[in-house]
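Have a look at the structure below before the remarks.
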């Protein structure tokens with residue numbers, strides 16, 4: 001396993017991905033459509049809500065529109081990263097097997113997929129975070145974008161896990177849509193969380209800590225170190241399981 005081989009693998013994956021022109025178009029269009037839809041359908045009414053990731057009862061206040069814009073930004077980065085990861089791990093599995101037979105190490109292939117996923121997720125988070133500037137000015141822009149990136153990393157790792165576990169593309173898409181829609185697309189909305197029953201269930205879901213990091217950074221000056229660390233641990237757990245399954249699959253004759 002060499003750095004050169006990982007670089008070659010990354011280059012191949014990027015070429016195959018962007019050869020399908022619909023992918024970069026969707027990566028740009030979907031977040032824009034989400035944000036414009038939220039802007040057109042929400043009001044400027046000020047809404048108090050609790051910052052759930054801190055021990056004391058801290059309440060913040062922001063407009064319904066700004067809260068919804070940030071919430072949908074987190075959800076869109078998570079959705080896109082998970083589907084991108086599923087595509088990376090499933091679509092080229094036959095090619096990966098042939099590369100292993102030709103001498104590529106499975107770990108090198110997995111590291112190249114992680115590099116592509118992390119790079120694309122960072123670009124998506126940066127694009128979505130900067131797009132939010134058209135609607136409101138966050139308190140700490142860089143840390144808010146970090147929260148978006150962590151949401152993408154957690155759900156991208158989940159997408160790799162699903163792709164390593166499930167062979168069928170339709171089944172993989174359904175598993176991603178099921179969790180991402182319930183978690184990032186609904187339960188992590190701070191306005192819903194404030195009145196939710198059994199909040200510990202929401203706190204156990206992958207998008208909880210990235211959402212809290214993004215919310216705290218956008219609307220307050222509260223520290224987000226705990227949320228960042230917990231988000232990274234979630235991603236590492238998914239990656240460890242996905243990597244093990246992928247290695248076994250590539251080594252299987």
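In the numbering used here, the protein residues as written are 1 to 253. Every residue gets a Cβ at the ideal spot worked out from N, C-alpha and C, and that includes glycine. On a predicted model such as this, the values are computed, not experimentally measured, just so you know.
Check, Outcome
"Note down the Cα distance separating residue 195 from residue 205, rounded to an integer number of angstroms.", "17 Å"
"Within 8 Å, do at least three Cβ pairs link the segment 27-40 to the segment 66-77?", "yes"
"Is it right to say residue 43 is buried, meaning 16 or more other beta carbons lie within 10 angstroms of its own, or is it exposed?", "exposed"
"Hey, could you find the ends of the beta strand (DSSP E) residue 62 is sitting in?", "59-63"
"Where do the ends of the beta strand (DSSP E) carrying residue 48 lie?", "46-50"
"Report the residue ranges of all alpha helix (DSSP H) runs contained in full by the segment 112-199; include only those spanning at least 4 residues, in chain order.", "141-165, 169-182, 190-193"
"Return the first residue and the last residue of the alpha helix (DSSP H) that residue 244 is part of.", "225-251"
"In chain order, what residues of the same chain lie with their CB nearer than 6 Å to the CB of residue 228, ignoring the 5 residues before and after it?", "213"
"Count Cβ pairs between the segment 155-175 and the segment 236-245 that sit closer than 8 Å; are there 3 or more?", "yes"
"Relative to the alpha-carbon of residue 80, which residue among 170, 24, 19, 140 has its alpha-carbon at the smallest distance?", "24"
"Using a 10 Å radius around the Cβ and a threshold of 16 neighbouring Cβ atoms, would you call residue 121 buried or exposed?", "buried"
"Between which two residues does the alpha helix (DSSP H) harbouring residue 27 extend?", "22-41"
"Express the C-alpha separation of residue 250 and residue 60 in angstroms, rounding to a whole number.", "49 Å"
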